[in-house]
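Everything below concerns the one structure shown next.
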Amino acid sequence: MLEIRGLHAWYGDSHVLHGLAMDIPRGRVVSLLGRNGAGKSATMRTIMGLLGKATGEINCNGVNLLKLRPDQIARKGIALCPEDRGIFPSLTVTENLFLPPVVAAGGMDIASIYALFPNIRERGASRGTQLSGGEQQMLAIARILRTGARLLLLDEPTEGLAPVIVQQIARVIREIKELGYTVLLVEQKAHFVESLADIHYLIENGTIVDRLESAEFAASRDRVERLLAV
Amino acid sequence: MFELDLNLILGQMVLGLVNGVFYAILSLGLAIIFGLLGVINFAHGVFFMLGAFAAYLLAQTLGIGYWGALLLAPLMVGALGLVVEVALIRHLYRLDHLYGLLLTLGLALFVEGFVRIVFGPQGLPYEVPPSLRGAINLGFMVLPYYRAWVVAAGIVLCLATWFVIERTPLGAKLRAATDNPQLVQAFGINVPVMLTLTYAAGVALAAVGGVMAAPIMSVDPAMGTSIVIVVFAVVVIGGMGSILGSIVTGLCLGLLEGLAKAVFPQASSTVIFVAMVIVLVLRPRGLFGKMA
């Protein structure tokens, strides 16, 4: 679905991605593991066209995404759930849910979304930012399921959330996977992605240092933990 | 004696409300443009003036009357706003607010000077539409129908604008793009086009005000500048970027100005600025501004 080759990117003057290469096959959950500042969010934002300057190639069905504007990239069926969740404070929960336009047919219908996230229906009239952190995360995921995007970029969806909420999110990601979505899951917690992802990429200093199939992951767990340890 | 004063006060307040409607329409447009584009649109008064001149020209050259002008003049001015945003303003979004202010101020001076060269500095006549001639006796004053129409139509226009922004999916896009334009664009919405259309809509709103003002105020090149100074005080008092705040503040300050005309006429031209100073001291973010 996505082939990234020789990707360099800059935040202002600081060079944050150094020739990053990775593949995100259709229908798979791919994790991107690394410490704070390793370049995980920068990779997400570059795929989405949100980082100022980038060179290299992000190939999506023969198109290099680096040549497109963020709204054109979204229309290719790619959707971002940002690290800060990106709930709009001026909008109600329902308005937040319906804000992203439908970019392709086959998005999840609203009844299924409410079934998956019952709280979102109950809190529909509240301001988006009045929700708890966990509910905001659910809303941020729910609103991109509606759009018909088939590649979901989830940036640390479990950050700062209670264990019970983290389990809920894992359940949601499993359901998404069964529905055939492709997911790029950025995380710092190896145990969270272990059972979810098919392929694991380890990132350090803006470049991929290892690629593990899920079968190899358990055996390499020590090495992964060392990489993630501060 | 007291009876007479009360009549005077009520009468002046009704007239003040007419001005208040223009303040509300203009500050509303300013608030929308500033909220989304981050541009303090000093050219707003000029677009108000151009709305009145467009109405005048439509009548003189094509014989199109008030009601036609009320529709066409905002479209013409909105189209001009479209060009101005694409050609000039959009190049400033990455820079400090000050640059937008300087550009639009320069643009305002240029356009006003140009109109003065073409039409001269004197006021041009614009007739009240035949269907709104005459007046109604309210007991405390004789109110021309046209002014009553301005108040009613102006308030409806402001509330309709508020409704679109606060209660519709289109307005939700606008509010979301004000909160976080990058993310809105990453969801597949063409934000640059949205900014252009918002600027055009904001100045078209000013042009509606200009057409409505044409039969009451003198249609002259300086009419925009003189009103926009008061409108900026309104925006400061109401709080930058608050939609409802700018409407309520505009109307209230019109009333306050009218009250001052009746009670202490010498202060009527300064009362709004005194209010601005007091509000800035007590609530620096304005009456409706969000506290940081």
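From first to last, the protein sequence lines stand for chains A and B.
Numbering-wise, UniProt numbering puts 73 at position 73 of the first sequence, and it's gapless, one number per residue.
Numbering-wise, UniProt numbering puts 247 at position 247 of the second sequence, and it's gapless, one number per residue.
Idealized CB from N, CA, C, for every residue including glycine.
Burial state of residue i, where buried means 16 or more other Cβ atoms lie within 10 Å
i                 : result
GLU95 of chain A  : buried
ASN41 of chain B  : buried
THR196 of chain B : buried
ILE229 of chain B : exposed
VAL164 of chain A : exposed
LEU159 of chain B : exposed
ASN25 of chain A  : It is worth fixing the name first, because residue 25 of chain A is Pro in this sequence and not Asn. PRO25 of chain A is exposed by the Cβ-count criterion.
ASN19 of chain B  : buried
PHE163 of chain B : exposed
PRO121 of chain B : exposed
VAL102 of chain A : exposed
ALA111 of chain A : exposed
PRO284 of chain B : exposed
GLN167 of chain A : exposed
THR270 of chain B : exposed
Partners in chain B for residue i, counting only beta-carbon separations shorter than 8 Å
i                : result
VAL63 of chain A : The premise fails here: VAL63 of chain A is roughly 15 Å from chain B at the closest Cβ pair, so nothing lies under 8 Å.
ARG75 of chain A : GLY188
Below-8 Å beta-carbon distance, residue i vs any chain A residue
i                 : result
MET1 of chain B   : Any reading at MET1 of chain B needs caution, since the residue's pLDDT is 45, under 50, leaving its predicted position unreliable; the model's value is listed next. No, MET1 of chain B does not count as interfacial toward chain A.
THR161 of chain B : no
THR196 of chain B : no
ALA172 of chain B : yes
ALA31 of chain B  : no
GLY289 of chain B : no
Per-residue DSSP class, three states only, for residue i
i                 : result
VAL142 of chain B : strand
LYS76 of chain A  : coil
ALA292 of chain B : Confidence is the limiting factor: at ALA292 of chain B the pLDDT is only 40, short of 50, which leaves the residue's position unreliable, though a coordinate-based value still follows. DSSP places ALA292 of chain B in coil when its eight states are reduced to three.
ARG211 of chain A : strand
ASP155 of chain A : strand
ALA38 of chain A  : coil
GLY6 of chain A   : strand
LEU26 of chain B  : helix
ALA233 of chain B : helix
ALA270 of chain B : Reading the sequence as shown, one finds Thr at residue 270 of chain B and not Ala. Coil.
ARG116 of chain B : helix
ALA152 of chain B : helix
LEU131 of chain A : coil
LEU124 of chain B : strand
ASN119 of chain A : helix
Chain A contact residues for residue i, given Cβ-Cβ distances below 9 Å
i                 : result
MET48 of chain B  : Looking at the sequence itself, residue 48 of chain B is Phe, so the reference to Met does not match. None at all; the shortest Cβ gap to chain A is about 27 Å.
ARG94 of chain B  : The contacting residues do not exist; ARG94 of chain B stays about 10 Å from chain A at best.
ALA176 of chain B : PHE88, SER90, LEU91, GLU95, ASN96 and LEU99
Chain A contact residues for residue i, given Cβ-Cβ distances below 7 Å
i                 : result
ARG283 of chain B : Under the 7 Å cutoff, chain A gives no residues; its nearest Cβ is about 21 Å from ARG283 of chain B.
ILE189 of chain B : ASP71 and PRO101
LEU183 of chain B : PRO82 and GLY86
Residue i: first and last residue of the uninterrupted alpha helix (DSSP H) it sits in
i                 : result
ILE173 of chain A : 163 to 178
ILE247 of chain B : 243 to 263
LEU170 of chain B : 169 to 179
ASN137 of chain B : Element bounds for ASN137 of chain B: not the alpha helix (DSSP H) but the beta strand (DSSP E), 135 to 137.
LEU99 of chain A  : Note, LEU99 of chain A: premise wrong, no alpha helix (DSSP H); not H, not E.
VAL46 of chain B  : 44 to 62
Enclosing beta strand (DSSP E) for residue i [first to last residue]
i                 : result
HIS91 of chain B  : First-last for HIS91 of chain B: undefined, no H or E at that position.
MET22 of chain A  : 14 to 24
VAL29 of chain A  : 29 to 33
GLY56 of chain A  : 53 to 60
ILE199 of chain A : 199 to 204
LEU184 of chain A : 182 to 187
Contacts that residue i makes with chain B (C-beta to C-beta distance below 7 Å)
i                : result
MET48 of chain A : ALA186
PRO89 of chain A : ASP179
Residue i beta carbon near the ligand ATP (any heavy atom closer than 7 Å)
i                : result
VAL86 of chain B : In terms of ligand content, the structure shown is empty, and the ligand ATP therefore cannot be addressed.
Within chain A, partners of residue i - CB distance below 8 Å
i                : result
ARG90 of chain B : Simply none; closest approach about 14 Å.
Cutoff 8 Å: residue i Cβ touching any chain B Cβ
i                : result
GLU95 of chain A : yes
Partner residues on chain B for residue i, Cβ-Cβ distance less than 9 Å
i                : result
PHE98 of chain A : PRO169 and ALA172
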